[in-house]
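Just so you know, we're using UniProt numbering here: the sequence shown kicks off at 1 and counts up by one.
Heads up, the beta-carbon is just placed ideally off N, CA and C, and yes, glycines get one too.
Only a predicted model underlies this, so the values are computations on that prediction, with no experimental measurement involved.
Remarks on the structure that follows.
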Amino acid sequence: MLIEEGRIKAAFDSGVFVLKLCGDVRLTLCATLDTQAQRLAETPGLLAVLIDLREATNVDSTALGFLAKVAMAVKGRLEQPPTIIVDNPDVRQMLDVMGFSRFFTLMEAPLQQTTTLNNELEELPQEPADEEGLRDRILEAHRILMHMNEHNREQFQPLVEMLESQDATTHH
């Protein structure tokens, strides 16, 4: 089976921001996700955030860390937590295990009103990330995930420690 390269699409309309992840979403897209999280934190008039994972075949842990960052960027500004639409049982299980249900509303199908936005989704250009920027982002993503629950802390501790030690060696 051909693995579809990951893409990110976005739309913003009447206060609703939609982020749609397609294909195999990996750390190569995390610079783009990071920018979106920062943009959302500064967007006035934001009412709802919807993340559509129905076309995502895989989301790696770094990308998940930045999805969590999106939730944290808008925390306290929305009446309800951001919504993730996910119908792939594997992806759903991964979100559950990682504690995403504490920060997001997880659902299998979108509400009627959001379907119109799908036609307006524009593909976001993939932002290049140099190797150092990429490592910093991987580190940030996994630190965010580790704060979400105990399972993540145990799972990602070794990786974070390894990256931190690499970080220490390159900056001296």
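Relative to the alpha-carbon of residue i, which residue among the options has its alpha-carbon at the smallest distance?
i: residue 61; options: 143, 71, 166; result: 143
i: residue 36; options: 154, 110, 66; result: 66
i: residue 10; options: 50, 25, 94, 109; result: 50
i: residue 122; options: 16, 20, 5; result: 20
i: residue 138; options: 94, 154, 166, 120; result: 166
i: residue 169; options: 55, 132, 53, 25; result: 132
i: residue 68; options: 99, 78, 86, 164; result: 99
i: residue 43; options: 16, 109, 145; result: 16
i: residue 77; options: 14, 145, 45; result: 45
In this structure, how does DSSP classify residue i when only helix, strand and coil are distinguished?
i: residue 169; result: helix
i: residue 103; result: coil
i: residue 58; result: strand
i: residue 127; result: coil
i: residue 236; result: Residue 236 cannot be examined here, being either before or after the span of the chain that is shown, 1 to 172.
i: residue 133; result: helix
i: residue 19; result: strand
i: residue 122; result: strand
Alpha helix (DSSP H) containing residue i: first to last residue?
i: residue 69; result: 61-74
i: residue 98; result: Premise fails: residue 98 is in no alpha helix (DSSP H) and is neither H nor E.
i: residue 184; result: As shown, the chain starts at 1 and ends at 172. That puts residue 184 outside it, with no answer to give.
Can you give me the start and stop residues for the beta strand (DSSP E) that residue i sits inside?
i: residue 11; result: 7-13
i: residue 83; result: 83-85
Does the separation of the CB atoms of residue i and residue j fall below 7 Å?
i: residue 191; j: residue 105; result: Outside the shown range of the chain, which is 1 to 172, sits residue 191, and nothing can be said about it.
i: residue 40; j: residue 63; result: no
i: residue 25; j: residue 48; result: no
i: residue 148; j: residue 156; result: no
i: residue 85; j: residue 54; result: yes
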